[in-house]
Amino acid sequence: MSSAIRTEHLSKIYPGSASRTPALADLTLDVPAGRVFGVIGRNGAGKTTFVRIAATQLELTSGRAEVLGYDVMTQARDVRVRIACVPQESRPLYFLNVEEVVYLYLKLRGLDHAEARRRTTEALDELSLTEYRRRPVQRLSGGLRRRTLCAMVLASDADVLFLDEPTTGLDPIARRQVWDAIRRATKEQRTILLTTHYLDEAEALSARLALFERGRLALSGTPEDLRARVRYPFRVTIQGAYSAEELTSYGRLTPIEGGALVFAREPEARELARRALERGQRVSMGPVTLEDIFLEVVGRAIDEETPPAEAEA
Amino acid sequence: MSERNRLRSIGTLVRINGIVPIRTQPFYLVSIIAQPLSFLFFIWIVSRGADLAYGLMGGMVLTMLSVGTGLQSDLTHYRHDMKFQDVVIASPVEAPIYIAGMALSELVYSLPALAVFVALFVYYGYATVSSVAILTGVLLLVWSFGSAFAFTLSTYFQDIRETWAFSPIFSLVLTVLPPVYYPISYLPAWAQIAARFSPTTYAAELVQGAVGLQPLTPTTAEIDWIVLVAFAAALFLIAAFKARWRDP
């Protein structure tokens, strides 16, 4: 499968950074074309820096980055005609209405009236924005504004879409609508680079994932690859009283309210589940979630704040 | 991007930043005309009508300069608060197209102000073929170098509040202290030398000469044009090489 985005030893140190701490350090990554590639990590992990370099919005310090075979520094013009981006914390221009945001963006990219109108109608429909099409952006909720921005880039003719935390602030239904639109976009063989704080979102959408921590690539691969790389790929949840000593013999024990969570290898997980059932305890078993993998690799939850000294990047 | 698409992009930016906001909030038009008309009114009252022509010429130069430099606030706002510039960067729209479209969109705001000034210009009998040609050339140059300057600055500002600090300074240095609203001869000798560092001095000298307010020899006019064009070229070069389209 060909690469949509490729980086080699990519590093970024922001000018004026007192500690010279790299926001990205020695990042070598391959994003395959035609799929959703999820980038996860805590605040300050380097996700947005990576997106901004690849989307030609930010200069790199060393190494190289290519989009669809074009160097982001020396062939930026070739890159730009093939990409579209929803930046982190971006807002649609408040005096436009929803339809104008999408339509005028497409016109700005050079599409003719008929094509821009057709794509606008489709995108608004896909993201259930048709009923709001005449509503000024300033009268929309935060979630509808993010959805409008998603409609804008999904309606574009770009081959590679950068979505930097596109569903932040959306309610669960709206998130699902964006997910559906993203899935449809990949059916058109477009590549989507998605950064997100929502691990369920990354898992639901991404064919491949990269986990960033402190500017470095901690892990990358398909969700199955990631599971295979952790020590305990299965999780068993037991409700009720238990012997900690016994459960520890199966794997890693994490006490939870009203029971225990045990991370184990498959044979031990099956054995533990069987025993718990025999004792009449409520038990559930399944592969580890992305959140479990994140905790094991990073040692902290994704929503745990980075200490100030580390967050400079 | 083809030439046709570039024009389409420019037209779209004019619509985005010029036509739609005016439709939403027509008072933008009033705010642009307020300052130059205030000066004109003040000069008319104080001089009992005698220096009205200076107010008229100065008002047109100030309007075009305000339109140009006023771009810095919009661009800074769009860049930092809306991330619109990042959206544009990651698209086929090149930096010169963005500047051209945004600068033209600002021009839309100035049209009513210019219409008032042009009406007065014609009414008071200053409109001749040569004066209109000179005025048009000068005003276009003032607008274009003001826009290039504004774009460059906007890429360095980190917050729109910084533009609020700079705007009155630009207004003072470029339109109040230089002899835009009065003849340069009113200034003391040292101030006349200082005024020569402002491009608007040359612009004012040309428009004041074009309507016969000040005697202007062909040599002086030639020098004024050269300086004005050189200023514009220098500011365009600075914009091309020093403006930060992509963040460092």
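Keeping their order, the protein sequence lines are chains A and B.
In this text, residue positions in the first sequence follow numbering that gives the first Met the number 0: the first is 0, and each later residue adds one.
In this text, residue positions in the second sequence follow numbering that gives the first Met the number 0: the first is 0, and each later residue adds one.
Ideal Cβ positions, reconstructed from N, Cα and C, are used throughout, including at glycine.
Close-in-space but distant-in-sequence residues of the same chain around residue i (CB under 6 Å, 5 per side omitted)
i	result
Tyr69 of chain A	Asp77 and Val78
Val137 of chain B	Ala202, Leu205 and Val206
Ile39 of chain A	Ala201 and Leu210
Arg63 of chain A	Glu7
Leu152 of chain B	Gln71
Ile15 of chain B	none
Ala94 of chain B	Trp244
Unbroken alpha helix (DSSP H) run spanning residue i, endpoints
i	result
Thr154 of chain B	Run containing Thr154 of chain B: none; DSSP gives neither H nor E here.
Gly100 of chain B	Ala94 to Tyr122
Leu74 of chain B	Leu51 to Thr75
Ala209 of chain B	Pro198 to Ala209
Val13 of chain B	Glu2 to Val13
Ser61 of chain A	Per DSSP, Ser61 of chain A belongs to no alpha helix (DSSP H); it is in the beta strand (DSSP E), Ser61 to Val66.
Phe165 of chain B	Ile159 to Ser170
Leu153 of chain A	Gly141 to Leu153
Asp170 of chain A	Note, Asp170 of chain A: premise wrong, no alpha helix (DSSP H); not H, not E.
Glu223 of chain A	Pro222 to Arg228
Tyr27 of chain B	Phe26 to Val45
Lys46 of chain A	Lys46 to Ala53
Asp124 of chain A	His112 to Glu125
Leu246 of chain A	Ala243 to Thr247
Ile21 of chain B	Val19 to Thr23
Gln191 of chain B	Ala188 to Ala194
Gln84 of chain B	Phe83 to Ile88
Asp77 of chain A	Ala75 to Arg79
Residues bridged to residue i (per DSSP)
i	result
Asp11 of chain A	It is Lys, not Asp, that sits at residue 11 of chain A in the sequence shown. In the DSSP output, where bridge partners are listed per residue, Lys11 of chain A has A:Leu23.
Pro286 of chain A	A:Phe233
Ser89 of chain A	DSSP output for Ser89 of chain A lists no bridge partner at all.
Val35 of chain A	A:Ile191
Asp163 of chain A	A:Thr194
Arg245 of chain B	According to DSSP, which records beta bridges pairwise, Arg245 of chain B is partnered with nothing at all.
Leu216 of chain A	A:Phe211
Thr135 of chain B	Looking at the DSSP assignment, Thr135 of chain B forms no beta bridge with any residue, so it has no partner.
Asn96 of chain A	A:Pro135
Asp199 of chain A	None; Asp199 of chain A has no bridge partner.
Thr313 of chain A	No information on residue 313 of chain A is available, as it lies outside the stretch 0 to 312 that chain A covers here.
Ala240 of chain A	Bridge partners of Ala240 of chain A: none, in fact.
Cβ shell of residue i (< 7 Å), same chain only, five flanking positions each side left out
i	result
Leu252 of chain A	Ala243, Leu246, Ala259 and Val261
Ala54 of chain A	Ile82, Cys84 and Phe161
Arg116 of chain A	Tyr102
Arg144 of chain A	Arg90, Pro91 and Val136
Phe235 of chain B	Ala147
Ala24 of chain A	Ser10, Gly214 and Arg215
Residue i, enclosing beta strand (DSSP E) - first and last residue
i	result
Arg251 of chain A	Gly250 to Ile255
Ala206 of chain A	Looking at the DSSP string, Ala206 of chain A is not in any beta strand (DSSP E), and its letter there is neither H nor E.
Val261 of chain A	Gly258 to Ala263
Own chain, CB closer than 8 Å to residue i, minus 5 neighbours either side, in chain order
i	result
Asp291 of chain A	Val229, Arg234 and Phe262
Val248 of chain B	Chain B is shown only over 0 to 247; residue 248 of chain B falls outside these bounds and no answer can be derived.
Gln24 of chain B	none
Pro286 of chain A	Arg226, Pro232, Phe233 and Arg234
Val296 of chain A	Leu210, Glu212, Ala217, Leu218 and Val229
Thr219 of chain B	Glu204 and Gly208
C-beta neighbour in chain B for residue i, strict 8 Å
i	result
Arg19 of chain A	no
Ile12 of chain A	no
Ala54 of chain A	yes
Thr109 of chain A	The question names Thr, but residue 109 of chain A in the sequence shown is Gly. Cβ-Cβ to chain B under 8 Å: yes for Gly109 of chain A.
Leu139 of chain A	no
Arg5 of chain A	no
Phe161 of chain A	yes
Lys46 of chain A	no
Ser89 of chain A	yes
Glu256 of chain A	no
Glu245 of chain A	no
Leu92 of chain A	yes
Leu95 of chain A	yes
Glu200 of chain A	no
Minimum Cβ-Cβ distance from residue i to chain A less than 8 Å
i	result
Ile15 of chain B	yes
Leu173 of chain B	no
Asp246 of chain B	yes
Met0 of chain B	yes
Pro20 of chain B	yes
Thr62 of chain B	no
Leu12 of chain B	yes
field: Near-chain B residues of the segment 274–302 of chain A (beta-carbon distance less than 9 Å), N- to C-terminal order
entry: none
- request: Using a Cβ-Cβ cut-off of less than 9 Å, give me the residues of the segment 71–92 of chain B that come near chain A, in sequence order.
  value: So the list reads Tyr77, Asp80, Met81, Lys82, Phe83, Gln84, Asp85, Val86, Val87, Ile88, Ala89, Ser90, Pro91 and Val92, given in the order they occur along the chain.
message: If the cut-off is 9 Å on Cβ atoms, which residues from the segment 184–197 of chain A count as contacting chain B, listed in chain order?
response: none
- prompt: Taking Cβ-Cβ distances below 8 Å as the criterion, which residues of the segment 54–86 of chain A are in contact with chain B?
  reply: Ala54, Thr55, Gln56, Leu57, Glu58, Ala75, Arg76, Arg79, Val80, Ile82, Ala83, Cys84, Val85 and Pro86
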